[in-house]
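Q: As you go down the protein sequences, you meet chains F and U in turn. For the first sequence, the numbering used here begins at -15 and goes up steadily by one. For the second sequence, the numbering used here begins at -15 and goes up steadily by one. Here a beta-carbon is modelled for each residue, glycine too, at the ideal position from N, C-alpha and C. Below you will find the structure I want to go over with you.
Protein chains: 2
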Amino acid sequence: MIHVSLQRLVLKNEVNYIISQITGLINTPVFIQDAEGMALFGEIDQYQPFRYPVEIDNKTIGWVGGGEQAAVLASLLSCLAKQELEKKSIGREALEKYKEITLLYDLAEKLTASLDTAEVAQLVIDEAKTLIAADNNSVMLVNEETGMLEVIASSGKELHPGEGLKNGTGIAGSVVLTGRAEIVNDIPSDKRYVPGAVRVSSLMCAPLKIKDRVIGVIYISSEDPVQYTAEDLKLLSAIAFQAAADIENARLYDSLKETFLTTVYTLAETIEKRDPYTGGHTKRVMNYSIAIGKVLGLSDTEIGRLELAAMLHDIGKIGIKDRILLKKGKLTPFEFAEIKMHPIYAEEILNHIKHLRDIVPAVKHHHERYDGCGYPEKLRGDGIDIKARIIAVADAFDAMTTDRPYRKAMSLQIALEELWANSGTQFDPEVVRAFFEAFEKDELLVKKGW
Amino acid sequence: MIHVSLQRLVLKNEVNYIISQITGLINTPVFIQDAEGMALFGEIDQYQPFRYPVEIDNKTIGWVGGGEQAAVLASLLSCLAKQELEKKSIGREALEKYKEITLLYDLAEKLTASLDTAEVAQLVIDEAKTLIAADNNSVMLVNEETGMLEVIASSGKELHPGEGLKNGTGIAGSVVLTGRAEIVNDIPSDKRYVPGAVRVSSLMCAPLKIKDRVIGVIYISSEDPVQYTAEDLKLLSAIAFQAAADIENARLYDSLKETFLTTVYTLAETIEKRDPYTGGHTKRVMNYSIAIGKVLGLSDTEIGRLELAAMLHDIGKIGIKDRILLKKGKLTPFEFAEIKMHPIYAEEILNHIKHLRDIVPAVKHHHERYDGCGYPEKLRGDGIDIKARIIAVADAFDAMTTDRPYRKAMSLQIALEELWANSGTQFDPEVVRAFFEAFEKDELLVKKGW
Ligand SMILES: [Fe+2]
Ligand SMILES: [Fe+2]
């Protein structure tokens, strides 16, 4: 509610001046008092015959007392008070709109930071938290395959990423169905409520909509009873409105990225499968490489490239004939020279793909040696791309620990000793050290069967 | 500018009532007139000794004439006029904010429709056109590789998609460098202006910004001289603000999609290259298939799937040994049975990729025959996925028109006759008809060397 104070009005310079001038025209003393009877102008005189109310929206906010002529002052003050009220209410409306714009701009700016669904959802939650008091916040999205409403990001104890609600159940599920935001301030009495790990008393839930399609909800709840207002819900709905498109875009991007990585991986693995003895090699080299890269503190971008490079490291073998690639006996020098071409073939293939050019060094040089005796370019030391040095260790370790046509797998212990023995000659000692650190931390996902 | 009319003020019921009451208190006649001298209250009496101005922001909007006591009315009217002005200006501010919010919501809703850069840019232009009068509109984006500012979408005759400005040149280039929106209402006198195909007189240009990075501009221009206002520029900047993120997201999505398609294509082609006689086969089958699909009126989604399926149609050949795949002589029945496994191998590979499962039927059945005598499942007629029926025609036509180890390529005419002869038996007659239509329209990109 907006209030107009008669005291403040009367004290305004210009108003006070006009009151003085008018009282000068009136032949009897005049006084003004507020609704509580406090004098605001002149001296209160119980014996004056007339009292006129100063009214605003039929509510009396004060009185003008005096002779009959005092009526003009009451009319004037009522008129000025009404103007004041109108000004204030327009002002409040402008302020609200202003706040809403600021919120929209703010959110738009923050949410563009990312095309990662979980990250965008987390930003939405962070924003909701700064604007509305709540113990639990979450963004839940409809998984179109399973129909489940899944928690993508959360804060508080009630819900956690990975948890989900069955299609249409709970208050959140009901909001998905109706597409309408809801406040429930007395949760225990709501029949739709599905009790969870934490007892909550009040909640608000707003749908995330793309056109008329509901893709999920923003959900916030309070453990202590609070009265969420229509104003709070409007704020949450504005957040939901602005966030829905960003979340959907992130989800589409994530999905395309997954398709891309799965396709490349599947094709790489298919190419690898020409040689049945290396089954699962690609997957393991990827895992080892990423674990080592993380110990070495590579950036997320570099880890992403490392993953792709490890996936594609032997892609060049597609260019080598079965007769050589699958030969069971010892290779002739000529045949071995042909095998050594596979990093060059890989380079030729990857150079066709603009956005994969930055992984070429990692793939091309995975058979270089730290001491400069490798192939195809006899690079040495730090001259070899760090990702290639990592893949070299991962590749060698996997080759030693799996069966090959011409020999059985080494024991894990012997393979580890072998890495150690070749550290500083074949392998970068820093990378070998990181490999052992990852191994100790159980991050290599190898069976320690010894 | 906001105006307050003294006439309207004096005519307000409540104000008129107060004026009457006050004039009743004054012992000489009183009149009110506006700045032009028109009587608004009472009768104008030239012989009254005093005239008091009714002022607002030091501007006289009228006069109160009468005896000395008339001064109180002038003060009162000035005070009421000031209130009125304040109310109006707050109201205008509220209205502007309201318009801005509506614009932001509107745009947000429209732009989420798409993750295609050109489409999003076109939506931005359509929106700008409805809000600001202009002859030419365009969205230009910085190509980070070339540094060029490229036209992505446009309306009007000045600029066209594909055209571009060199880094930093022109007024648009200058907006990219400074990151500040500009109005130029007298273009010929601006030294930065680079004259183009159409003579323009006035323009506005607003940067598309992601955080502090300028990714491009929205540019509008008018051929006849107009005075674009700060208000217009604010509107254009609001559009630019809301659109920047959507455009950037679309661009990232497009770029990932291109990487995905190029990678899959390159790997498919690499796999194809094991057989040096089929060089370029994948590319040609894709082109023929898409051209046929378009004639048949397939949806964009189906064309997208057809493209991928054509790209991957022989991916299963990776599972076939060189000895059989590359054999120069006649294949034994056993060897031919092995070759016939390639669609099954393809199915096994693609089933690993969730988002590619919808192209499995198109790939798996590209060797089925319309009469049910094909492989691997002897499907017939409409029981065969339409995309597989299309690829079958494209694949056969390319096989006939390129050299193979065991025979030279047929002439184009004989190949066409062959397709025709097998229409309704091997091939779907509708697809063959569409193939000929595309061929006639020159959409198959084949050399008509006869
Ligand atoms: Fe290798
Ligand atoms: Fe085939």
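1) Residue 42(F): which of 218(F), 59(F) and 81(F) sits nearest, CA to CA?
2) Consider the Cβ of residue 434(F): report whether some Cβ of chain U lies at a distance smaller than 8 angstroms.
3) Tell me the start and end of each unbroken beta strand (DSSP E) in the segment -2 to 62 of chain F that is at least 3 residues and wholly inside, in chain order.
4) Using a Cβ cut-off of 8 angstroms (strictly closer), state whether residue 226(F) contacts chain U.
5) Along the segment 78 to 90 of chain F, what residues have a CB closer than 8 angstroms to any CB found in chain U?
6) Please find out if some non-hydrogen atom of ligand 2 comes closer than 7 angstroms to the beta-carbon of residue 326(U).
7) Alpha carbon to alpha carbon, how far is residue 84(U) from residue 195(U)? Give it in angstroms, no decimals.
8) Can you tell me whether residue 465(U) is helix, strand or coil according to DSSP?
9) In three-state DSSP terms, what is residue 184(U)?
10) DSSP three-state label for residue 191(F), please.
11) List, from N- to C-terminal side, the beta strand (DSSP E) runs of 3 residues or more that fit wholly inside the segment 104 to 177 of chain U.
12) Mind checking which residues open and close the alpha helix (DSSP H) that includes residue 288(F)?
13) Mind checking whether the beta-carbon of residue 298(F) lies closer than 7 angstroms to any heavy atom of ligand 1?
14) Starting from the beta carbon of residue 31(F), find every residue of chain U whose beta carbon is closer than 7 angstroms, and list them in chain order.
15) Taking any Cβ of chain F, which residues in the segment -11 to 7 of chain U have a Cβ under 8 angstroms from it, in chain order?
16) Alpha carbon to alpha carbon, how far is residue 156(U) from residue 150(U)?
17) What are the uninterrupted segments assigned as alpha helix (DSSP H) that are 4 or more residues long and contained completely in the segment 367 to 420 of chain U, given in chain order?
18) Is residue 350(F) near ligand 1 - that is, is its Cβ less than 7 angstroms away from at least one heavy atom of it?
19) Check each residue of the segment 291 to 314 of chain F: if its Cβ is closer than 8 angstroms to any Cβ of chain U, include it; give the result in chain order.
20) Quick check on DSSP: helix, strand or coil for residue 359(F)?
21) Helix, strand or coil for residue 258(U)? Go by DSSP, reduced to three states.
22) Exposed or buried, residue 314(F), counting other C-beta atoms within 10 Å across all chains shown (16 or more means buried)?
23) For residue 106(F), would you say it is in contact with chain U, using Cβ-to-Cβ distances shorter than 8 angstroms as the test?
24) Distance, Cα to Cα, residue 249(U) vs residue 127(U)?
25) Distance cutoff 8 angstroms, beta carbons only. Does residue 75(F) sit that close to anything in chain U?
26) With hydrogens ignored, establish whether the beta-carbon of residue 379(U) is closer than 7 angstroms to any heavy atom of ligand 2.
27) Please classify residue 433(U): is it buried, with 16 or more other beta-carbons within 10 angstroms of its beta-carbon, or exposed?
28) Is the segment 273 to 286 of chain U touching the segment 262 to 282 of chain F in the sense that three or more CB pairs, one from each, lie closer than 8 angstroms?
29) Does residue 313(F) come out as helix, strand or coil in the three-state DSSP assignment?
30) Using a Cβ cut-off of 8 angstroms, pull out every chain F residue sitting near residue 71(U), in sequence order please.
31) Which residues mark the beginning and the end of the beta strand (DSSP E) in which residue 198(U) is found?
32) Taking residue 255(U) as the query, report the chain F residues whose CB atoms sit under 9 angstroms from its CB, ordered along the chain.
33) In three-state terms, what does DSSP make of residue 433(F)?
34) If you check the beta carbons only, do residue 81(F) and residue 82(U) fall under 8 angstroms apart?
35) Quick check: the Cα distance between residue 72(F) and residue 64(U), rounded to an integer number of angstroms?
36) Cβ of residue 437(F) less than 8 angstroms from any chain U Cβ?
A: Working from what's here:
1) 59(F)
2) With a pLDDT of 37 at residue 434(F), under the threshold of 50, the modelled position of that residue is not reliable, and no figure is offered here.
3) 15 to 18, 23 to 25, 34 to 40 and 43 to 50
4) yes
5) 78, 81, 82, 84, 85, 88 and 89
6) yes
7) 21 angstroms
8) Here chain U covers residues -15 to 434 and nothing more, so residue 465(U) does not appear.
9) coil
10) strand
11) 120 to 126, 133 to 139 and 166 to 168
12) 284 to 295
13) yes
14) In chain order: nothing, as chain U lies at least about 22 angstroms away.
15) -2, -1, 1, 2, 5 and 6
16) 10 angstroms
17) 370 to 384 and 396 to 405
18) yes
19) 299, 302, 303, 305, 306 and 307
20) coil
21) coil
22) exposed
23) no
24) 24 angstroms
25) yes
26) yes
27) Confidence is the limiting factor: at residue 433(U) the pLDDT is only 40, short of 50, which leaves the residue's position unreliable, though a coordinate-based value still follows. With fewer than 16 other Cβ atoms within 10 Å, it is exposed.
28) no
29) coil
30) 67, 70, 71 and 74
31) 197 to 206
32) 251, 254, 255 and 302
33) Annotation note: pLDDT 40 at residue 433(F) (below 50); position unreliable, no value reported.
34) yes
35) 15 angstroms
36) Limits of chain F in this structure are -15 at one end and 434 at the other, which puts residue 437(F) out of reach.
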